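Going line by line, the protein sequences match chains S and F. For the first sequence, the working numbering gives the first residue as 8, with consecutive numbering after it. For the second sequence, the working numbering gives the first residue as 5, with consecutive numbering after it.
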Amino acid sequence: MKGHLLAIGTFLVLVVLVAAGTVHSTKFIPAKTPEGAVRSLFDSVKNNDVTGAYAYVSPASNVDNATFLKDVNGRDGSLRTYSKLENVDTKVLNANGNEATVRTTTKWSTAVGPMFDTRDLKVAKEDGDWKVVWQSDKQATLPPQVIPVNYLRWDIIRRGAEDDWGAQNVESPRVRIISMNAVEKDGGVIILGEVRNEDTVPGFVSVGATLLGKSGETLAEETSFDKISHTLLPSEISPYRIDFPKRKLADVQSVRMQPAALLIPASADPVIGVLHQRLEKDASGRTVLRGELMNQSGMTVNIPHVLATYYDDAGRVIWVSDAYSDKALLPQTPVPFSVDVREDLAKNVHSYRVTVNQYSIDRVQ
Amino acid sequence: MRRLFWVISALAACFFAADVARAAELQAPQSAVAGNAASIATSGSGDATMYLIGPGGAAKRTVKLGQALELKAEELRAAGRYTVLLSTGEKADFFVAPAKPKQIAFLARPSRVPVAKPGVITGVAFVFDDFKNLVLEAVPVKFDLSVQGTNASETVGSKLGIAWTKMNSASKEGAAQFVASAGDVKVNRVVQQTAGEPCNLHMKIVPANAGEKDTHGIVVETDPIRDCSGNAVPDGTIVTFSLVDAKGRTTVDSRIKKGVARANLPASPGGMVSVAAGVVSGNELHVGGGQ
Numbered sequence: 008m009k010g011h012l013l014a015i016g017t018f019l020v021l022v023v024l025v026a027a028g029t030v031h032s033t034k035f036i037p038a039k040t041p042e043g044a045v046r047s048l049f050d051s052v053k054n055n056d057v058t059g060a061y062a063y064v065s066p067a068s069n070v071d072n073a074t075f076l077k078d079v080n081g082r083d084g085s086l087r088t089y090s091k092l093e094n095v096d097t098k099v100l101n102a103n104g105n106e107a108t109v110r111t112t113t114k115w116s117t118a119v120g121p122m123f124d125t126r127d128l129k130v131a132k133e134d135g136d137w138k139v140v141w142q143s144d145k146q147a148t149l150p151p152q153v154i155p156v157n158y159l160r161w162d163i164i165r166r167g168a169e170d171d172w173g174a175q176n177v178e179s180p181r182v183r184i185i186s187m188n189a190v191e192k193d194g195g196v197i198i199l200g201e202v203r204n205e206d207t208v209p210g211f212v213s214v215g216a217t218l219l220g221k222s223g224e225t226l227a228e229e230t231s232f233d234k235i236s237h238t239l240l241p242s243e244i245s246p247y248r249i250d251f252p253k254r255k256l257a258d259v260q261s262v263r264m265q266p267a268a269l270l271i272p273a274s275a276d277p278v279i280g281v282l283h284q285r286l287e288k289d290a291s292g293r294t295v296l297r298g299e300l301m302n303q304s305g306m307t308v309n310i311p312h313v314l315a316t317y318y319d320d321a322g323r324v325i326w327v328s329d330a331y332s333d334k335a336l337l338p339q340t341p342v343p344f345s346v347d348v349r350e351d352l353a354k355n356v357h358s359y360r361v362t363v364n365q366y367s368i369d370r371v372q
Numbered sequence: 005m006r007r008l009f010w011v012i013s014a015l016a017a018c019f020f021a022a023d024v025a026r027a028a029e030l031q032a033p034q035s036a037v038a039g040n041a042a043s044i045a046t047s048g049s050g051d052a053t054m055y056l057i058g059p060g061g062a063a064k065r066t067v068k069l070g071q072a073l074e075l076k077a078e079e080l081r082a083a084g085r086y087t088v089l090l091s092t093g094e095k096a097d098f099f100v101a102p103a104k105p106k107q108i109a110f111l112a113r114p115s116r117v118p119v120a121k122p123g124v125i126t127g128v129a130f131v132f133d134d135f136k137n138l139v140l141e142a143v144p145v146k147f148d149l150s151v152q153g154t155n156a157s158e159t160v161g162s163k164l165g166i167a168w169t170k171m172n173s174a175s176k177e178g179a180a181q182f183v184a185s186a187g188d189v190k191v192n193r194v195v196q197q198t199a200g201e202p203c204n205l206h207m208k209i210v211p212a213n214a215g216e217k218d219t220h221g222i223v224v225e226t227d228p229i230r231d232c233s234g235n236a237v238p239d240g241t242i243v244t245f246s247l248v249d250a251k252g253r254t255t256v257d258s259r260i261k262k263g264v265a266r267a268n269l270p271a272s273p274g275g276m277v278s279v280a281a282g283v284v285s286g287n288e289l290h291v292g293g294g295q
């Protein structure tokens with residue numbers, strides 16, 4: 008009898024502990040300062056308590072819970088849906104007794120590295136408590152329609168195991184490095200330039216570089232990783248950037264470039280237009296390249312990746328930078344993008360070129 | 005006297021045995037062909053064990069001396085030098101020649117090539133018989149390269165089983181059929197002949213289709229894009245449309261589809277639209293103005 012009681016008691020304690028560990032407290036603590044309201048909202052988001060976060064949203068925002076959920080957690084398979092809020096930085100820009108503006112910089116950890124999002128949030132005092140006036144990301148909804156697309160893709164018939172030894176395979180596409188520049192930045196050597204698919208078939212392209220020392224020894228080897236458009240269609244040009252941290256250009260005698268291309272099945276769609284590209288200063292005074300991405304196809308692009316190539320007045324590539332957008336590209340709907348430009352190079356930028364990589368969940372190739 | 009008789013008898017027996025042995029001489033075939041049966045004449049009598057050693061294997065069996073040794077077709081598939089040994093000590097060598105050409109291993113390079121380039125297509129043909137023996141005697145090998153009605157042909161005699169050629173790419177694009185033939189054997193390869201860089205790139209503003217009315221912009225489209233020889237530039241080739249206006253620069257990397265490239269650009273009165281493909285620039289258009 009004593010043993011049974013002990014077992015039941017242990018079970019009840021376990022249930023209580025499990026419940027305590029899984030059930031979050033949803034107790035709402037009113038914010039007494041504008042900054043506190045913003046921080047409380049994002050702290051709740053950080054703890055995956057979007058309902059709790061919504062409690063800090065002012066009813067005047069006219070945003071329902073579902074819309075707010077999509078705003079903070081992402082939608083349409085965008086990069087935000089694979090992100091987690093890591094950090095929040097707030098700064099009160101102006102405040103009076105009933106209203107305030109708080110510049111909020113959120114840091115999200117994503118599969119492609121940290122992403123920063125800066126917003127100037129309006130905060131209002133309601134019934135003695137501060138609440139955030141949430142501006143929802145309004146997304147235009149397209150009317151139901153059929154968008155005709157002539158899909159173009161390349162398929163490959165490779166040599167089979169039973170073919171005789173003379174049967175040739177289809178060759179890999181010819182790619183050529185059309186420019187290369189080596190610079191020293193941030194305590195490292197950076198190799199950048201452009202590569203072109205000179206063939207009539209698509210290719211999966213990567214560019215590797217080897218730094219060679221004074222006596223021809225190998226100092227380091229790296230590849231361009233995601234600072235390149237890997238899938239290049241016929242005649243397409245992609246920038247590449249290869250970073251060698253903690254290296255000095257003075258130690259490098261020469262650089263061996265290794266462009267490589269594989270013939271792959273590929274699709275020519277979707278086409279993404281880059282609208283209204285312009286260099287300008289952002290709210291914090293930094294030079295940024297801004298514009299909008301327009302998906303001209305009928306399918307959703309989940310994760311767009313913008314690559315920017317900057318040229319000096321001699322047409323030489325002086326920098327390559329990139330940025331991911333945490334919003335999906337819906338068909339025919341412009342989405343803004345912003346790419347940082349190095350301040351030390353901004354004055355030397357004579358022209359630039361923007362290309363877009365895309366990752367789509369529903370697309371096999 | 006009796007001992008002398010036995011010695012003479014023994015000597016006579018030795019001479020007889022030696023004579024019998026000479027009688028088992030092998031007569032190797034003079035013109036054996038791979039994959040064909042052959043026979044070797046023997047003399048003598050009694051049984052012996054025959055060993056057949058060739059480039060593709062070895063065989064062993066009991067044969068009757070005085071009868072022809074029948075070598076089966078499957079024992080002579082590999083061309084080359086063969087040796088026949090009998091357990092009685094006799095030996096003969098003979099050669100098996102390759103049979104008639106029945107297979108060609110055809111190496112054609114490259115698989116894609118620009119049009120109108122001299123000496124860029126190479127073809128190497130290795131001539132084999134039905135048993136994968138390289139046919140060493142000279143065989144005429146014909147190389148044919150044809151695409152869209154154009155045809156180039158060359159006949160080359162093989163040397164030690166190999167014939168090769170170097171041909172020009174045709175002036176017309178398309179999948180060229182590159183055929184090597186020897187006798188009634190033909191092997192086909194495909195060499196894709198591709199158009200060169202675009203020539204005379206020209207675009208125009210076109211009315212939007214019904215499905216494109218909500219794009220809030222203009223639709224620009226090129227004329228059919230061809231190279232300087234009149235060949236259609238392959239579909240999928242990137243053509244970049246640019247619009248420069250007060251709001252900045254808009255670019256669309258369009259793909260050629262069905263011979264033309266097309267893009268949606270924002271409506272921008274006063275903007276300037278340009279088009280380029282690779283290093284080739286086309287015309288410019290003022291939106292809301294003349295060309």
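Glycine is no exception: its CB is placed at the ideal position from the N, C-alpha and C atoms. Note that the coordinates shown come from a computational prediction; the quantities given were computed from them, not determined experimentally.
Just tell me which of the options has its CA closest to the CA of residue i.
| i | options | result |
| --- | --- | --- |
| Trp172 of chain S | F:Thr244, F:Val191 and F:Leu56 | F:Val191 |
| Gly210 of chain S | S:Glu229, S:Arg181 and S:Asp233 | S:Arg181 |
| Thr46 of chain F | F:Ser150, F:Gly165 and F:Leu69 | F:Leu69 |
| Ala275 of chain S | S:Ala257, S:Lys288, S:Leu296 and S:Leu240 | S:Leu240 |
| Gly84 of chain S | S:Asn309, S:Asn54, S:Pro338 and S:Ile325 | S:Asn309 |
| Pro33 of chain F | F:Asp97, F:Phe110 and F:Ala180 | F:Asp97 |
Quick one: is residue i near chain F, going by C-beta distance under 8 Å?
| i | result |
| --- | --- |
| His312 of chain S | no |
| Arg323 of chain S | no |
| Gly298 of chain S | yes |
| His237 of chain S | no |
| Ser242 of chain S | yes |
Mind checking who residue i pairs with in its DSSP beta bridge?
| i | result |
| --- | --- |
| Lys91 of chain S | S:Ser116 |
| Asp249 of chain F | F:Gly252 |
| Trp161 of chain S | S:Ala273 |
| Ser3 of chain F | Absent from the structure is residue 3 of chain F, since the part of chain F shown begins at 5 and ends at 295. |
| Ala156 of chain F | F:Leu149 |
| Trp137 of chain S | S:Ala38 and S:Lys132 |
| Ala186 of chain F | F:Val189 |
| Lys354 of chain S | In the DSSP output, where bridge partners are listed per residue, Lys354 of chain S has none listed. |
| Asn105 of chain S | Its beta-bridge partners do not exist; DSSP assigns none. |
| Tyr55 of chain F | F:Lys64 and F:Leu89 |
| His290 of chain F | F:Met276 |
| Ser345 of chain S | S:Arg297 |
| Trp326 of chain S | S:Tyr317 |
By DSSP, does residue i sit in helix, in strand, or in coil?
| i | result |
| --- | --- |
| Pro66 of chain S | helix |
| Ser332 of chain S | coil |
| His11 of chain S | helix |
| Asp374 of chain S | With chain S covering 8 to 372 only, the question about residue 374 of chain S has no answer from this structure. |
| Ala83 of chain F | coil |
| Trp168 of chain F | strand |
| Ser285 of chain F | strand |
| Gly43 of chain S | helix |
| Asn55 of chain S | coil |
| Glu3 of chain F | Only positions 5 to 295 of chain F appear in the structure, and residue 3 of chain F is not among them; the question remains open. |
| Ile407 of chain S | This structure leaves residue 407 of chain S out entirely; chain S is present only between 8 and 372. |
| Lys77 of chain S | helix |
| Gly16 of chain S | helix |
| Phe99 of chain F | strand |
| Asn302 of chain S | strand |
| Asp144 of chain S | coil |
Using beta carbons (cut-off 8 Å, strictly below), is residue i in contact with chain S?
| i | result |
| --- | --- |
| Thr255 of chain F | yes |
| Leu111 of chain F | yes |
| Asn172 of chain F | no |
| Asn287 of chain F | no |
| Lys251 of chain F | yes |
| Asp239 of chain F | yes |
| Lys282 of chain F | Strictly speaking, residue 282 of chain F in this sequence is Gly, with Lys absent from that position. Closer than 8 Å to some Cβ of chain S, the Cβ of Gly282 of chain F qualifies, so yes. |
| Ile166 of chain F | no |
| Ser115 of chain F | yes |
| Ile209 of chain F | no |
| Arg81 of chain F | no |
My assumption, with CB atoms under 8 Å, is that residue i sits in contact with residue j. Please give the rounded CB distance.
| i | j | result |
| --- | --- | --- |
| Glu42 of chain S | Val99 of chain S | 6 Å |
| Ala83 of chain F | Ala101 of chain F | 6 Å |
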